[in-house]
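Undergrad: Pasting in a structure now, in structure tokens, and then I'll have a few things to ask.
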Amino acid sequence: MTSSSPNPDPSTAPPPLRLTEDHFINRELSWLAFNSRVLDEVARADLPVLERVKFLAITASNLDEFFMVRIGALQFLREQGLRVRDNAGLTPTQQWEQVHQQAAVFVARQYDILQQQLVPMMKEKGIRRLLNTELTPAQRTVLHEYFDEHIFPVLSPVVVDDTSARAAIPALNIIMLCTVTGGDNGHTEKRHVLLPLPANLPRHVLVPDPEGGQYLYVNLEDVVALFIGEFFPAEKVSVPARFRVSRNTDISVDDESAFDLASEMEEVLEKRLKSPAIRIEIETGASREHTRIIRELCGARTAQIYDIPGELDLRAYFQIASISGFEELKVEPWDSLPSTAITPGESIFDAIKRGDILLHHPFESFEPVLALVEEAAADPNVIAIKQILYRTAKNSRIISALIRAAQAGKHVTVLVELKARFDEARNLERATDLINAGAQIIYGVAGLKTHAKVCLVMRRESGHMTRYMHFGTGNYNEATSKLYTDISLLTCRADFGADASAFFNTVTGRSRFVHFSKLSMAPYGLRERLVSMIRSETERARQGEAAEIMLKMNALEDRQMIAALYEASQAGVKIRLNVRGICCLRPGIKGISENISVVSIIDRYLEHARIFWFRQGGKPAVFIASADFMNRNLSKRVELLTPVEDREARKRLQHILEVHFADTARGRVLKADGTWQLLHVTAAKARRSQEQFAREMANRARQSNESPDVLVPHTPK
Amino acid sequence: MSDETPPVTLKLPPEHAVIYVGAASVSLVIGRKDDKGQFISIESLDRPLPVARDIFRARSISRNTVDQAAAILRDYLQTMREYGIPSSQLRLFTSNILAEAVNHEIFLNRLQVHSGVAPSLIDDGNMTRLVYQIAQRMLLKNPLLAKGNTFVSHIGPGNTRAIYFQQGRLAAYSNYRLGIFRAREAIATPDDEARQQMVHLEEHIRGVVDHLAQDYSDVKIDHHVAIGAEIQSVAPRLGKARHGAHRVLENDLARLTDKLARLNPDELVRELHVHYTGGEGIIPALQTNLALARRFGDDSLWVPEGDFQLELMLDLMTSGSRTAIFQEEVMQAACEIGLRYKTDRKHADHVANFSRQLFRELQHLHGLDAKYELVLRIAATLHEVGMFISPREHHKHSLYILMHTEIFGLSSHDRVMVALLARYHRRYNPEPNHPHFSDLTREERMIVLKLAALLRLADALDRSHAQRIKSIQLRPEGTRLNVLTQGADDTTVEQIAIDMKCDLFREIYGYDIILAKS
């Protein structure tokens, strides 16, 4: 063999693209830009105030997770002295510094909007946080009773000198630090005391409104401050400082060596309490001494300390956003309508047998997916149910149905992903219930996080085994299904069924991975299939054929996928991307990505669907997936890519994509410099994709209600 | 109308299951019949198990492997339970390389204890049939191959088969002791560089490759078809399939083999999505195919589309039924053997035809499976091969020759039957202490007795070797079986032969045989 390359590509493709740092946007900064887009919604004057408050809470919750996961990892790299550069050429230290800088600007803007706009607007409408100085004697009495009954018994002060003080700093809780002087024996003694506020107490304590009609509340930390003296009778207590710590939670579970993953997960939950501090937020007004103590306690650098110009932990505003009454301050709800593909009262199995059912949540209800599992649990012909659970709802109906099915003697196999960040505790609890009911439980796959969303029901029909499947882009979570846009595909196609069985055989370890005929699974070929779809369009474009790609996802970060898209763009493929969050691809670079456009939509519902559309010479190939174009999804997780073969379903997905790309109300376009720009069109001309889907769905539902061709008689049960 | 619930009927599910303990993995296929009555797979599972590695390295299966097999079976039975498939609808096969393990009985016993089903060793006959069928299907789809002279090779874990087709019909068949895992273990020295290993392997297989090439040196080969799990799994990387086959250029195959050989096991597993145990066989398989292609001077190979292992499993599910064409190919191969030993072809054909007629018309008496018709016909075709050595005691020579002659499409077990039938076509009736006969189970001995009785009658009907009796009709009447003959006016010779040879028939079937003119 003379060639140094063992397998040269025989095709006439141009030499591979040489990518430089300028071709990529840094992932962390791109994420911060995403959260800024969410914050734009908070600033939006045309939205009702409680909707804006909801978005504010979302930005806070997002930022917390970002710090714990991403900045935690960055800090780790930095402390290890690793100088590995990201695709955009930044070292961990450079990234860390830029992130902190931008995060500080972001937080300032958050509080500015809150205090300058939201608080006055809410106050005007009767929603008010009362400060201690504003309380009437009657209100004070109510709070005193509340303090004695609910707070005092569960709050445990910890002296800072004590060696246990460090361990007593739980992540994300609000903690108060005060200085106590004086003592029983007469001489002056000074000590610093921590009071961590228990996470299970509501942040807002309602107080009666003497005039009526207002929603008045006092923050928990204010109530504690008001009666803090009760902990230290006959002593002098300083004004307490308030702070909050975020910790690194990117602790990897070494599941290869775990004998029992469930017990190890419990340890991780404990470790989360103790891992290094990433960010310290101190409410403005803390004394210098208190600030120093807090910094020392947390072992943090000054750069990690955020001076917060107002109340801590804005996630508490979720509670305000959903208070009852005040409906005029909320957005008019869009209904989650039943799918027109299912006749009311009909068995879900009969409906699926008639043809594939595509659901666009939450415009269409999640009920059919729940019905599949619930009917299966009660159906004597159903032999087995196999299900992946990732992040489930509280009191999940799916899990309840699976428990019933197992109790009824069906073969129930459930893969409970314990590595779903932050949701481990909830997942563990239900896993135990399932085991007790007799289901076979698998705690994920060694080394990989199982992120695929699939449910398989095996049902014997006139002797034959028929397999019913649900493939989704979102979790089996009836709560988030009302808030996230996702796609569900219900089908009983035999070849999809065989693949679904093979998938479960693989993840449950019953079989090695065997090749699928329809689906693709990460990490065994999903990436390769996507790359080959992109290359196919590239090749078509090179041969002068019309070539086009439309992709919708939550994040685009994977270097190989970005390179494939750049090559496609160079060849002349028209590429439209709808990316909600992180986008490391830089569009509009001359000679590289000028055929690529990127739009991000932030609206009432969290955009969560993954839809991939390839023109394929006019016979489009359309997929839904659980995976984003991120290295972690394509290489380190178990994911599924599902082709959609039903003509109508394909057309609907294409429509969904096109409507998103035409969104001029909530769509923002990514520019070559990495900034995002709203499209400035007049309100009359603006098209808002989510609103259009809600309207279209309502029309469909109305039409099918108005002219039913099947009447459903009420018959005695 | 009462509201009685209908009676519960326990219906068996339409699904069947086959478990195959192969050279490098254990597979389960759940299948059911489609509209055309063909078995199709509805679920297939595969788990690595280093059977071949153990056998060719240590001549025995390790305890760890045995335990692993038991754990896999337990999981597979769980899948079967999900379908409600009873063990009566499970067939369990193992690769025939197991026979080379000194402790194979213990291993088979563990398999039986865990599955509740007695495992059968899949033998050369089954494997040959499968290779033949895959090749036939390919020829049907591909007129170019069907019209020409096509050489088919199959490199298995322990053996290599060669089938030669002329204009779509079987013309020659041979089997060699050269297999992927056999070769790999023979040369395995873990510290070797990739290139060094390839050189060792090439040395190792050269002898057998030369032998094979010599066997087919006098025939014209237009096309070379390579069949096998490994080559079929990589073929899609080397070109798109057309008419059911990939055309793989020798150069491309060489390049790919070289590239894969340079990968470490981890990289290989990732690159090909195989498991570690199965991955070990890839390079030896590709290299052996390559060596054959080079030896024959082929610039390209044809590789059938599809999953070899899955086809094998589905074939096993069909209880090894043989197509009519295949049966004729097997008969043809038997005739070739007859020719080699200079048998009286006309007599052999005539006896074979009578045997078939007797088997079919007396089916209600012997109650045997259709596969034994083929066994009987082959025995009829070859019953006199022993004459090649000497007419005296020629039935014993026939036994010896047939015990040591491979017959295309027959398992070794079937071949024993054929040899014993030839042994018992004359002279002594079978006795329990006779060699080979004594090795059979009671059921198998009974089959030999039933078939030998038919063969003796058929042979007696052409006692003169002159095909005087052209055809017969059977007319049972009380305890007599009247055989109405056509062609010969005087059948005294045949009747004497019947009286001498057919006491076995009387004993087995309870009929006296009387010849009469039609």
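Protein chains in written order, with the numbering used here: chain A, 265 to 981; chain B, -18 to 499.
Backbone N, C-alpha and C fix where the C-beta goes; we use that ideal spot for every residue, glycine too.
#1: In the region 905 to 961 of chain A, which residue ranges form an unbroken beta strand (DSSP E) of at least 3 residues, counting only runs that do not cross its ends?
#2: Could you pull the DSSP bridge partners for B/Ile136 from this structure?
#3: So with Cβ pairs under 9 Å, would you call B/Leu26 a contact of chain A?
#4: With DSSP as the reference, label B/Gln448 as helix, strand or coil.
#5: Taking the alpha carbon of A/Pro460 as the reference point, which residue from A/Thr696, A/Pro434, A/Val317 and A/Arg467 has its own alpha carbon closest?
#6: Is B/Thr60 close to chain A, meaning its C-beta is less than 9 Å from at least one C-beta of that chain?
#7: Whole angstroms is fine: what's the gap from A/Leu283's alpha carbon to A/Gly881's?
#8: Assuming A/Arg874 contacts A/Thr737 (C-beta within less than 8 Å), just tell me the rounded distance between them.
#9: How should B/Lys482 be labelled, buried or exposed, when 16 other C-beta atoms within 10 angstroms of its C-beta is the threshold for buried?
#10: Give the list of continuous alpha helix (DSSP H) stretches no shorter than 4 residues that lie fully inside the region 537 to 623 of chain A.
#11: Are the C-beta of B/His256 and some C-beta of chain A separated by less than 9 Å?
#12: Report yes or no: do three or more beta-carbon pairs, one from the region 179 to 199 of chain B and one from the region 100 to 108 of chain B, lie closer than 8 Å?
#13: Would you decide whether A/Phe416 is buried or exposed? Buried here means 16 or more other CB atoms lie within 10 Å of its CB.
#14: Could you list which residues in chain A have their beta carbon closer than 9 Å to that of B/Pro(-5), in chain order?
#15: By the criterion of Cβ-Cβ separation under 7 Å, what are the contact partners of A/Ser775 in chain B?
#16: Does any CB atom of chain A fall closer than 9 Å to the CB of B/Glu310?
#17: In chain order, what residues of the same chain lie with their CB nearer than 6 Å to the CB of B/Leu355, ignoring the 5 residues before and after it?
#18: Between which two residues does the alpha helix (DSSP H) holding B/Asp296 run?
#19: State the Cα-Cα distance for the pair A/Glu831 and A/Asp822, rounded to the nearest angstrom.
#20: Just how far apart, CA to CA, sit B/Ala4 and B/Asp15?
#21: To the nearest angstrom, how far is it from the Cα of A/Arg964 to the Cα of A/Glu628?
#22: Considering only the alpha carbon of each residue, which of B/Gln117, B/Tyr490 and B/Ala207 lies closest to B/His345?
#23: Could you pull out every residue in the same chain whose Cβ sits closer than 8 Å to the Cβ of A/Thr548, ignoring the five residues on either side in sequence?
#24: Throw me the rounded Cβ distance for the A/Asp697 and A/Ile662 pair, which I believe falls under 8 Å.
#25: Flag this pair as touching only if the region 436 to 447 of chain B and the region 323 to 331 of chain B have three or more C-beta atom pairs under 8 Å; answer yes or no.
#26: Counting only beta-carbon atoms, is B/Lys(-8) nearer than 9 Å to chain C?
#27: How far does the beta strand (DSSP E) with B/Met481 in it extend, from its first residue to its last?
#28: What residue does the beta strand (DSSP E) around B/Gln59 start on, and which one ends it?
#29: Establish whether the CB of A/Val795 and some CB of chain B are separated by less than 9 Å.
#30: Would you mind stating whether B/Leu126 and B/His204 have Cβ atoms separated by less than 9 Å?
#31: Enumerated in chain order, which unbroken segments of the alpha helix (DSSP H) with a length of 4 residues or greater are wholly contained in the region 341 to 421 of chain A?
#32: To the nearest angstrom, how far is the alpha carbon of A/Leu578 from that of A/Met825?
#33: Is the Cβ of B/Leu9 closer than 9 Å to any Cβ of chain A?
#34: Pull up the distance between the alpha-carbon of A/Arg543 and that of A/Gly477, whole angstroms please.
#35: Between the alpha carbons of B/Lys352 and A/Leu679, how many angstroms are there, rounded?
#36: Strictly by DSSP, which residues pair up with B/Leu71?
TA: In short, the structure shows the following:
#1: Entirely contained in the region 905 to 961 of chain A, the beta strand (DSSP E) runs reaching 3 residues are, in chain order, 931 to 934 and 940 to 942.
#2: According to DSSP, B/Ile136 bridges with B/Thr141.
#3: At a cut-off of 9 Å between beta carbons, B/Leu26 contacts chain A.
#4: Three-state result, B/Gln448: coil.
#5: Of the listed residues, the one whose Cα sits closest to A/Pro460 is A/Pro434.
#6: Interface annotation, B/Thr60: in contact with chain A, CB-CB separation under 9 Å.
#7: Roughly 29 Å between the two C-alpha positions.
#8: Confirmed, about 5 Å.
#9: The residue is buried, with at least 16 neighbouring Cβ atoms inside 10 Å.
#10: If we require 4 residues or more, the alpha helix (DSSP H) runs fully inside the region 537 to 623 of chain A come out as 552 to 562, 581 to 585 and 612 to 618.
#11: Using a Cβ-Cβ cut-off of 9 Å, B/His256 counts as an interface residue toward chain A, since at least one Cβ of chain A sits closer than that to its own.
#12: The region 179 to 199 of chain B, when compared against the region 100 to 108 of chain B, does not touch it at the 8 Å Cβ threshold.
#13: Per the 10 Å Cβ criterion, exposed.
#14: What B/Pro(-5) touches in chain A: Gly727, His728 and Met729.
#15: Near A/Ser775 (Cβ distances below 7 Å), the residues of chain B are Leu26, Asp27 and Arg28.
#16: Among the CB atoms of chain A, none fall inside 9 Å of the CB of B/Glu310.
#17: Closer than 6 Å at Cβ, skipping near neighbours: Gln308.
#18: Boundaries of the alpha helix (DSSP H) around B/Asp296: Phe289 to Met298.
#19: Rounded to the nearest whole angstrom, the C-alpha separation of A/Glu831 and A/Asp822 is 14 Å.
#20: Cα-Cα distance, rounded: 29 Å.
#21: Straight across, the Cα-Cα distance linking A/Arg964 with A/Glu628 is about 11 Å.
#22: Checked all of B/Gln117, B/Tyr490 and B/Ala207; the closest Cα to B/His345 is B/Tyr490.
#23: Cβ neighbours of A/Thr548 beyond the five flanking positions: Asp571, Ile572, Pro573 and Gly574.
#24: The pair is not a contact, with the Cβ atoms about 12 Å apart (cut-off 8 Å).
#25: The region 323 to 331 of chain B and the region 436 to 447 of chain B touch, with three or more beta-carbon pairs separated by less than 8 Å.
#26: Going by chain labels, chain C is absent from the structure shown, which instead holds the protein chains A and B.
#27: Segment Thr473 to Lys482 is the alpha helix (DSSP H) holding B/Met481; no beta strand (DSSP E) there.
#28: Under the DSSP assignment, B/Gln59 falls outside any beta strand (DSSP E), being part of the alpha helix (DSSP H) whose first and last residues are Arg44 to Tyr64.
#29: Residue contact check for A/Val795 against chain B: no CB pair falls below 9 Å.
#30: Contact: yes.
#31: List check, alpha helix (DSSP H) in window: 356 to 377, 383 to 389 and 401 to 410.
#32: Roughly 36 Å separates the two Cα atoms.
#33: It does: the Cβ of B/Leu9 has a partner Cβ on chain A nearer than 9 Å.
#34: Their backbone Cα atoms lie some 39 Å apart in a straight line.
#35: Going from the Cα of B/Lys352 to the Cα of A/Leu679 covers about 47 Å.
#36: Residue pairing from DSSP places B/Leu71 in a beta bridge opposite B/Ala(-2).
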